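Protein chains: 2
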Amino acid sequence: MLEPAEALACCPPLAREPMSAAAAERIAPLLKAIADPVRLRLLSLIASHADAEACVCDLNDAFDLSQPTISHHLKQLHAAGLLEREKRGVWVYYRAVPGPLRDLAALLGGVGA
Amino acid sequence: MLEPAEALACCPPLAREPMSAAAAERIAPLLKAIADPVRLRLLSLIASHADAEACVCDLNDAFDLSQPTISHHLKQLHAAGLLEREKRGVWVYYRAVPGPLRDLAALLGGVGA
DNA sequence: CCTCCGCATAGACATCTGTCAATATCGACC
DNA sequence: GGTCGATATTGACAGATGTCTATGCGGAGG
């Protein structure tokens, strides 16, 4: 099981000071989780939806991929702490977690500032 | 050969609207380039250095990895358009390119805003 | 209770990725 | 021009990753 990776909000921007090996090991999995075209689109689809949540049934239709493959990608995003999972009746809804993405943005920003 | 990937400054934040498949394919390689602990540290080391540039000779010493491995990672960051390469005398200097990282930060930011 | 539907898991497979040792390249300096 | 020092390239290899098919699981409705 992967850690929720909330342990990121600590870090100064990339260009502020050299990142420690430990910080890099902690942050890289978060970037890996979104460094895939399918997962990027999934995250965007969910985050741009009403209430930043979407039903798996809708997500499956948006891709030319098998249902298990989508499920696999959603699992990775969930394991990275970027999505929350909630079952409502027959359907499963995934909701975007704003914190980690905001932290990543802060990490990458301020390089050329 | 990989494309310089400047074709990113176009995109609205992730949560603004669903990302197109084409945009995802264009952006994912950029994220892949920084989704590695070693490359994250390399980028941070260079970006946080004076003039946002550093000599390869210094970078090699900062890691417990072979010289070819560091060279390989630098090549990937360069191919992604995140580093510029300049040879001065015997040494090679890499400089951080601010644009792409700033664009990525803009892409990820504004999710929970 | 049996079946169907939505989603997850398991297993298999090809490809990609990170690493190293060995070697090449390219200047500088003697 | 020969040698040496700094990087890059090549080839090899183990392990991670993305995809599929087949199967499992749990709830809703007949």
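Chains as they are written, first to last, in this note's numbering: chain A, 2 to 114; chain B, 2 to 114.
For glycine and all other residues, C-beta sits at the position ideal for the given N, C-alpha and C.
Model, not experiment: these values are computed from the prediction.
{"Query": "Excluding the 5 residues flanking lysine 115(B) on each side, which residues of the same chain have their C-beta closer than 8 Å to its C-beta?", "Result": "Because chain B here runs from 2 to 114, residue 115(B) falls outside it and cannot be looked at."}
{"Query": "Using a Cβ-Cβ distance under 8 Å, would aspartate 52(A) count as near chain B?", "Result": "no"}
{"Query": "What residues from chain A crowd round isoleucine 199(B), counting only those whose CB sits closer than 7 Å?", "Result": "In the structure displayed, chain B extends from 2 to 114; residue 199(B) sits before or after that span and is not available."}
{"Query": "Identify every residue that forms a DSSP beta bridge with alanine 97(B).", "Result": "Leu84(B)"}
{"Query": "Checking contacts by CB at 8 Å: is glycine 82(A) closer than that to chain B?", "Result": "no"}
{"Query": "Take alanine 97(B) and list the residues in its own chain whose beta-carbon comes closer than 6 Å to its own, dropping the five residues that flank it on each side.", "Result": "Ile47, Ala48, Ala53"}
{"Query": "Looking only at its own chain, which residues have a Cβ that is under 7 Å from the Cβ of glycine 113(B), when we skip the five neighbours before and after it?", "Result": "Note that glycine 113(B) scores 42 on pLDDT, short of 50, meaning its location in the model is unreliable and no value can be drawn from it."}
{"Query": "Under a Cβ-count criterion, where at least 16 other Cβ atoms within 10 Å of its own Cβ denotes burial, should histidine 50(A) be classed as buried or exposed?", "Result": "buried"}
{"Query": "Output the distance between the C-alpha atoms of proline 13(A) and valine 91(A), rounded to the nearest integer angstrom.", "Result": "43 Å"}
{"Query": "Between aspartate 37(B) and leucine 15(A), what straight-line distance do the alpha-carbon atoms span, to the nearest angstrom?", "Result": "14 Å"}
{"Query": "Between which two residues does the beta strand (DSSP E) harbouring glutamate 54(B) extend?", "Result": "54-56"}
{"Query": "Consult DSSP for arginine 27(A) and reduce its assignment to one of helix, strand or coil.", "Result": "helix"}
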